[in-house]
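Heads up, the thing below is written out as structure tokens.
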Amino acid sequence: MKADKINKQYWANIESKEILSGQYFPEELIKLLAKGSYVLDVGCGDGKVSEYLYKNKYLVTGIDIKVNALEENRKRNSDITYIKADITEKLSFADSFFDAVVIPYVFVSIIDSKMAKKAAEELIRVLKNGGILWICEATYSKDYEERYKTGKEMTGLNNVAISVFKDGKNKGKVKRFIRHYSNKELDTLFQPLNKLSQKQVNLISPSSGMKVETIVSVYGKV
Ligand SMILES: C[S@@+](CC[C@H](N)C(=O)[O-])C[C@H]1O[C@@H](n2cnc3c(N)ncnc32)[C@H](O)[C@@H]1O
Numbered sequence: 018m019k020a021d022k023i024n025k026q027y028w029a030n031i032e033s034k035e036i037l038s039g040q041y042f043p044e045e046l047i048k049l050l051a052k053g054s055y056v057l058d059v060g061c062g063d064g065k066v067s068e069y070l071y072k073n074k075y076l077v078t079g080i081d082i083k084v085n086a087l088e089e090n091r092k093r094n095s096d097i098t099y100i101k102a103d104i105t106e107k108l109s110f111a112d113s114f115f116d117a118v119v120i121p122y123v124f125v126s127i128i129d130s131k132m133a134k135k136a137a138e139e140l141i142r143v144l145k146n147g148g149i150l151w152i153c154e155a156t157y158s159k160d161y162e163e164r165y166k167t168g169k170e171m172t173g174l175n176n177v178a179i180s181v182f183k184d185g186k187n188k189g190k191v192k193r194f195i196r197h198y199s200n201k202e203l204d205t206l207f208q209p210l211n212k213l214s215q216k217q218v219n220l221i222s223p224s225s226g227m228k229v230e231t232i233v234s235v236y237g238k239v
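The sequence shown begins at 18 in the working numbering and counts up by one.
Next up, the structure:
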């Protein structure tokens with residue numbers, strides 16, 4: 018879908034400091050996972066979540082499509098492995114490699130449903146049996162209803178919002194697409210796994226001041 022192409026360009030081109038990172042950390046995982054476990058941080062951005070996991074004594078690999086952020090992250094902490102990878106494509110890791118996979122605010126940028134399914138399957142593939150998948154995602158918010166209308170016109174999908182450039186030469190053009198998955202959609206994406214817990218937390222976006230209603234789900238692979 019064209020929307021996914023636009024999103025990938027958006028993430029590749031913005032300054033690392035513009036990544037809205039570290040809004041919520043995988044605290045539910047820390048309670049469940051033994052120290053020294055191998056953890057994959059998906060869409061690690063500027064590394065805040067990877068560094069949180071590292072401080073909690075895990076062996077961390079962070080992946081992202083944003084090469085400049087990965088380079089900056091490596092300079093700050095060479096104990097964390099940072100690799101360029103796109104979760105909508107095949108990952109280079111062996112089956113069942115990781116004890117845990119964390120995915121904070123990444124599916125929000127994956128618009129095409131088939132692509133999201135493929136990405137979920139790939140993340141489940143690299144998780145070992147007995148492993149834990151932790152995901153937090155922005156979900157439907159009443160505050161976005163006006164923006165969902167344009168998203169529906171452009172993509173045919175519900176709960177997809179558009180963000181546009183406010184100034185500069187691209188003023189008015191689409192900056193990026195934002196997909197708000199429901200808890201049911203997330204459960205379906207990760208269906209082969211067992212749901213261990215799910216809760217909603219309401220945060221405020223540091224950039225727009227808008228509510229970010231977030232679902233935090235923990236799944237286990239049998
Ligand atoms: C909203 S930021 C979240 C950063 C970090 N996970 C956090 O919560 O602190 C989304 C991140 O996902 C990355 N991303 C988007 N699409 C991706 C994809 N297809 N594969 C890998 N990373 C992706 C972006 O480059 C960006 O760093």
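Note that the Cβ used here is the ideal one computed from N, Cα and C, for glycine as well.
Cβ pair Gly-79, Tyr-99 closer than 7 Å: Mapped onto the sequence shown, residue 79 falls at position 62. Mapped onto the sequence shown, residue 99 falls at position 82. Taking a C-beta distance under 7 Å as the contact criterion, Gly-79 and Tyr-99 qualify as a contact pair.
Since Tyr-98 is in the beta strand (DSSP E), which residue starts that stretch and which ends it? Numbered from 1 along the sequence shown, position 81 holds the residue referred to as residue 98. It is Thr, not Tyr, that sits at residue 98 in the sequence shown. Element bounds for Thr-98: 98-101.
Can you tell me which of the three DSSP states Phe-124 falls into? Sequence index remark: in the sequence shown, residue 124 carries index 107 (1-based). Phe-124 falls in the helix class under three-state DSSP.
Who are Ala-29's beta bridge partners in DSSP? Here the question's residue 29 lines up with position 12 in the sequence shown. Bridge partners of Ala-29: none, in fact.
Which term fits Asn-24, buried or exposed, when burial requires 16 or more other beta carbons within 10 angstroms of its beta carbon? Reading the sequence shown from its first residue, position 7 is the one you call residue 24. Per the 10 Å Cβ criterion, buried.
Can you tell me whether DSSP reads Ser-180 as helix, strand or coil? Position 163 of the sequence shown holds residue 180. If DSSP states are grouped into helix, strand and coil, Ser-180 belongs with the strands.
With a threshold of 8 Å, are at least 3 pairs of Cβ atoms found where one atom belongs to the segment 108-116 and the other to the segment 135-143? Cβ pair count under 8 Å is three or more, so yes.
Nearest-angstrom Cα separation, counted from Thr-172 out to Gly-60: The residue given as residue 60 occupies position 43 in the sequence shown. The residue given as residue 172 occupies position 155 in the sequence shown. C-alpha separation (whole angstroms): 23 Å.
Indicate whether the contact test is met: 3 or more Cβ pairs, each with one atom in the segment 192-212 and one in the segment 124-134, closer than 8 Å. Of all C-beta pairs linking the segment 192-212 to the segment 124-134, three or more are shorter than 8 Å, placing the two stretches in contact.
Within a Cβ cutoff of 6 Å, which residues of the same chain sit near Ile-36, ignoring the five residues on either side of it in sequence? For the purposes of this step, residue 36 is taken as residue 19 along the sequence shown, with counting starting at 1. Sequence-distant Cβ neighbours of Ile-36 in its own chain, meaning closer than 6 Å and more than five residues away, are Gly-62, Asp-63.
Are the beta-carbon atoms of Trp-151 and Leu-46 separated by less than 7 Å? One-based indexing of the sequence shown puts residue 151 at position 134. One-based indexing of the sequence shown puts residue 46 at position 29. Contact: yes.
I'd like to confirm something about Ser-38: is its beta-carbon nearer than 6 Å to some heavy atom of ligand 1, or not? The residue given as residue 38 occupies position 21 in the sequence shown. It does: the Cβ of Ser-38 is within 6 Å (strictly closer) of some heavy atom of ligand 1.
What span of residues does the alpha helix (DSSP H) with Glu-170 cover, start to end? Along the sequence shown, read from residue 1 onward, the residue named residue 170 stands at position 153. Element bounds for Glu-170: 162-172.
Taking the alpha carbon of Met-227 as the reference point, which residue from Gly-185, Lys-159, Val-84 has its own alpha carbon closest? The sequence position of residue 227 within the sequence shown is 210, counting from 1. Of Gly-185, Lys-159, Val-84, the smallest CA-CA separation from Met-227 is found for Lys-159.
Closer than 6 Å: is that where the CB of Trp-151 sits relative to any heavy atom of ligand 1? Working through the sequence shown from its first residue, we reach residue 151 at position 134. Outside the cutoff, so no.
Just to confirm before moving on: does the CB-CB distance between Ile-232 and Glu-162 stay below 7 Å? For this step, residue 232 is matched to residue 215 along the sequence shown. For this step, residue 162 is matched to residue 145 along the sequence shown. In this structure, Ile-232 sits away from Glu-162, with a CB-CB distance that is not shorter than 7 Å.
Is any non-hydrogen atom of ligand 1 found closer than 6 Å to the C-beta of Lys-52, if you look at the structure I gave you? Residue 52 sits at position 35 when you count from the first residue of the sequence shown. It does not: the Cβ of Lys-52 is nowhere closer than 6 Å to a heavy atom of ligand 1.
By how many angstroms is the C-alpha of Gln-26 removed from the C-alpha of Val-119? For the purposes of this step, residue 119 is taken as the residue at position 102 of the sequence shown. For the purposes of this step, residue 26 is taken as the residue at position 9 of the sequence shown. Using only the alpha carbons, I get a separation of about 23 Å.
Output yes or no for whether 7 Å exceeds the beta carbon distance between Asn-219 and Glu-202. Here residue 219 is taken as the residue at index 202 of the sequence shown, counted from 1. Here residue 202 is taken as the residue at index 185 of the sequence shown, counted from 1. Result no, Cβ atoms of Asn-219 and Glu-202 do not sit closer than 7 Å.
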